[in-house]
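Since the structure comes first, as structure tokens, the remarks are kept for the end.
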Amino acid sequence: MLFKSSSVLRYMCLIVIVFALFACAPVAQPQPAAPAAPSQPTAAPAAEATTAPAPATAAPAAGPQGTLRVGLVTDAQSMDPHRVTQTAGEGVMKAMFDMLIERDFDGNLVPGLATSWTIVDDKTIEFKLREGVKFHNGEDFNADSVKFSLERMQKEELASPFRNNYSAVEEVEIIDPYTVRFKLSKTNAPLLDNLSAQLAMLPPKYTAEVGDAEFGLKPVGTGPFKFVEWVKDDHITLEANTEYWDGSFKGKPMVETVIFRPIPEASTRIAELTTGSLDLIQDVATDQAETVEKAGFKVDKIDVPQEAIVFFVTDVPDTPLNDVRVRQALNYGVDVDSLIQNVLRGYGTRLANPIGPLSLGYDPSIKPYPFDPDKAKALLTEAGYPDGFEVTIDATATDKTLTTEAVAGELAKIGVKANVRRVEPAQFNENWDHKNTSPMVAARWSGMFDPANFANFLVKSDGFLSRYNNPKADELVAKGAGVMDSDERAKIYGELGKLLYDDPMGIYLWLPENLYGVSPKVQGWRPHPRSYVMVSNTGVSE
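Every letter in the sequence shown is one number past the one before it in the numbering used here, and letter 333, counting from 1, is 343.
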């Protein structure tokens, strides 16, 4: 059965945090011990003395022109794509690297460095590889590159946060220089989606020569842009790869240079956009969108598969959140529709459970909890808390709106005093990685086209970040990952969604819209549903 970009594969797929937001990226994933980023610029490696073939479609005669300046909410953790979990950094990685499979601007799985893939059986996937592609240093991309990249991701010493997503791959069998087969130990339905999100292709020779730590400072990929330098917490500079291969959904590089600048403060990003120091910014605060537009700049928005939730810690004995009635009460006690209108300015869609409307298994018949403070108080009384209780909510210090405080304000009306604890992003992630958080954690999880990764991290009782425990949920999560048929998987995740509605793992809030500020000088740019900033096929006029 051969797939390229079918609607079936759209669903066979995959921490920026809004309350707990870092940058709109898979942030809540375990952080590896990445090599220290340089305070002085790190320069790109010299290319090998080899000539890359001309692309099938030539660039305009003048070639890429100008500089695109992008404001991100945080710096990349590394220049190593196998280590980067935030969407801010993922945008940089997507510029320099390509995957076997990609997700396009409509969320479909489409060919990348693999021109096609075949599900041979439930434990075998074959990939036909794109020929004539060169890495930035002149190495050829071929089957050896795929085998090397997958096996590197699996290395324990690399400590990639994505390593377990590839544990089912027992062997990468090279059939010929441009055909590989992944042999699996068990059916692993989310694998295709993981490949599109995480498994960048690396050059085996160069990576082995310089080592993992050096690669994380001086990367080499096949993407539309080449690495130039990285000055930690100041800027990342890339230059156009004028020999980028033809046929990528990303399009060609249209500017000569891209400069990414980490600017955590939302008001500073907006000021630099409107004064002309930046051309494109990530994460415009919803209450500033009108200001940006009145200044003559465009606000682009896109619905993204991210679930904004205040997660519950239920694995600590003898606490109020152990009681399902308390968890239900907190959902009844928050007027989410009002928060969407008044805090998000309408930029959000209600959630009934973590399986949202852009995810496989979404069931529209399951309606969100209605706002019913009387029912909330009755449930608290029934659970033994007639006067409420006090609780702490963790959120990152880079929260771009007052959403967490707004949720806390709603809970106060039913007698629950929720204290918001602001934590710097790095410490926030470390606390979550080590399950050392407050009883509630406000966060947004990205990339939920396929709920499997979310479920593995945050629903399973032994998940990396999970503080939730329901044996039936564990059973459904395992079942969903072990079936390849998308219709059957949708039914399983629909059942999981109903269970997580009845036995909530958090306060379910909304599916947000990502907002970007765009200068009138920027041409051709499109927001991507995975939240990272794609910079190819984007020009800048003088």
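Quick reminder that beta carbons are idealized off the backbone N, C-alpha and C, glycines included.
Original post:
Among L168, S348, V353 and I269, which has the Cα closest to the Cα of W240?
Top reply: I269
Original post:
Is it true that the CB of D325 sits closer than 7 Å to the CB of R477?
Top reply: yes
**OP:** Determine the DSSP secondary structure at Y503, reduced to helix, strand or coil.
**Re:** helix
Original post:
Between which two residues does the alpha helix (DSSP H) containing P374 stretch?
Top reply: P374 -> no alpha helix (DSSP H), and no H or E assigned at all.
Subject >> Sequence-distant residues of the same chain with beta carbon closer than 6 Å to K311, five excluded per side >> reply: E523 and L525
Original post:
For R540, which three-state DSSP category applies?
Top reply: coil
**OP:** Starting from the Cα of A318, find the closest Cα among M544, L519, Q437 and V426 and give me that residue.
**Re:** L519
Original post:
I think A428 touches A418, with their Cβ atoms under 8 Å apart; what is that distance to the nearest whole Å?
Top reply: 4 Å
**OP:** Evaluate K377 with the Cβ neighbour count: other Cβ atoms within 10 Å of its Cβ, from every protein chain shown; 16 or more gives buried, anything less gives exposed.
**Re:** exposed
Original post:
Which residues mark the beginning and the end of the alpha helix (DSSP H) in which W442 is found?
Top reply: P435 to D443
**OP:** Quick one: residues in its chain with C-beta nearer than 8 Å to the C-beta of R431, no 5 flanking neighbours on either side, listed in chain order?
**Re:** T402, I403, D404, A405 and S448
**OP:** Taking 8 Å as the threshold, find out whether the stretch 71 to 86 comes into contact with the stretch 264 to 278 through three or more Cβ pairs.
**Re:** yes
Original post:
Does the distance from the CB of L462 to the CB of A491 come in under 7 Å?
Top reply: According to the sequence shown, residue 462 is Ala rather than Leu. It is a contact, given that the beta carbons lie within the stated cut-off.
**OP:** Could you check what DSSP says for M106 in three-state terms: helix, strand or coil?
**Re:** helix
Original post:
Whose CA, out of N152, K133, E181 and I129, lies closest to the CA of R140?
Top reply: N152
**OP:** Hey, could you find the ends of the beta strand (DSSP E) L160 is sitting in?
**Re:** Careful: L160 lies outside any beta strand (DSSP E), inside the alpha helix (DSSP H) at A153 to Q164.
Original post:
Okay, do the stretch 528 to 536 and the stretch 283 to 294 touch, 3+ Cβ pairs below 8 Å being the bar?
Top reply: yes
Original post:
What residues in its chain sit with their C-beta under 8 Å from that of V487, if we drop five residues either side in the sequence?
Top reply: A462, A465, N466, V469, K470 and L506
**OP:** Would you mind listing the beta strand (DSSP E) stretches within the stretch 313 to 351 that are 3+ residues and don't spill past its ends, in chain order?
**Re:** 317 to 322
Subject >> Closest residue to D150 among N118, S159 and P214 (Cα-Cα distance) >> reply: P214
Original post:
Are there 16 or more other CB atoms within 10 angstroms of the CB of R113, so buried, or fewer, so exposed?
Top reply: buried
Original post:
Considering P272, what are the terminal residues of the beta strand (DSSP E) in which it resides?
Top reply: T267 to P272
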